[in-house]
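*Asks:* Got a structure for you, written out below as structure tokens; questions coming shortly.
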Amino acid sequence: MTTETSPTTEFQRLYTGRVWSVMQWDQLTALWQRIDPAAGWYLVAVGVSPAPTLVADAASVSAFIKRIDALLRADHHESYCGIVYADDLENPSLIKIYDPNNLGSSCGSSKNPPPPGWIMSRTAPEEIVSLRPAPANRKRWWQGLLGDS
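Counting in my numbering, the sequence shown runs from 17 upward without gaps.
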């Protein structure tokens, strides 16, 4: 018999807790409009960089939202969204964004769904282990977003 461990931190509780899917593109637009970029968001690129220890500034959060929205709409060739999840669609504290090019079973119906490609969190994040390294193009995208060379 295996026993599952309970989340011990606020981030673990949010990350492993119930999330709601943003099914339609107009719902995604509305979600982005409800985000206060200055509210203290941590931005995480899973498998690309270590979990950040500082919140992103408002300009970085706004740039991230604009660029991730464009990336999702360009790369997810569906009439619906369905790859963004939030703990609360009206006032989110955690948003999981799945990479359209690495979906697997993102809905969580499998025992070990792939981790999201990106996370926005109002709680200090912890390292998320990804069994697949992030593709080079996603690493370049992230570095370009952060202004790194």
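Where is the CB? At the ideal position from N, CA and C, for every residue including glycine. Quantities reported herein were computed from a predicted structural model and do not represent experimental measurements.
Using the Cβ count rule (16 or more neighbours within 10 Å means buried), how would you classify S137?
*Replies:* buried
*Asks:* Taking 8 angstroms as the cut-off, decide whether the C-beta atoms of A79 and W134 are in contact.
*Replies:* no
*Asks:* CA-CA distance, M39 and L70?
*Replies:* 30 angstroms
*Asks:* When DSSP labels each residue in this structure, what does A72 get in the three-state scheme?
*Replies:* Under the three-state reduction of DSSP output, A72 falls in the coil class, being neither helix nor strand.
*Asks:* Provide the residue span of the alpha helix (DSSP H) that contains W48, from first to last.
*Replies:* W41 to R50
*Asks:* Between which two residues does the beta strand (DSSP E) carrying L30 extend?
*Replies:* Premise fails: L30 lies in the alpha helix (DSSP H), E26 to T32, not in any beta strand (DSSP E).
*Asks:* So what does DSSP say about W158, is it helix, strand or coil?
*Replies:* helix
*Asks:* Rounding to the nearest angstrom, what Cα-Cα distance links A140 and L59 in this structure?
*Replies:* Linking A140 to L59 through their CA atoms gives a straight-line distance of about 10 angstroms.
*Asks:* Please name the residue, chosen from S22, T45, Y31 and V145, that lies closest to R89 on a Cα-to-Cα basis.
*Replies:* T45
*Asks:* On the CB-based measure, 16 or more other CB atoms within 10 Å of its CB, does P149 come out buried or exposed?
*Replies:* exposed
*Asks:* If we call anything under 8 angstroms between Cβ atoms a contact, is P53 one with A86?
*Replies:* no
*Asks:* Hey, how far is the Cα of S22 from the Cα of L161?
*Replies:* 35 angstroms
*Asks:* Rounded to the nearest angstrom, what separates A67 and V145 at their Cα positions?
*Replies:* Distance between the alpha carbons of A67 and V145: 11 angstroms.
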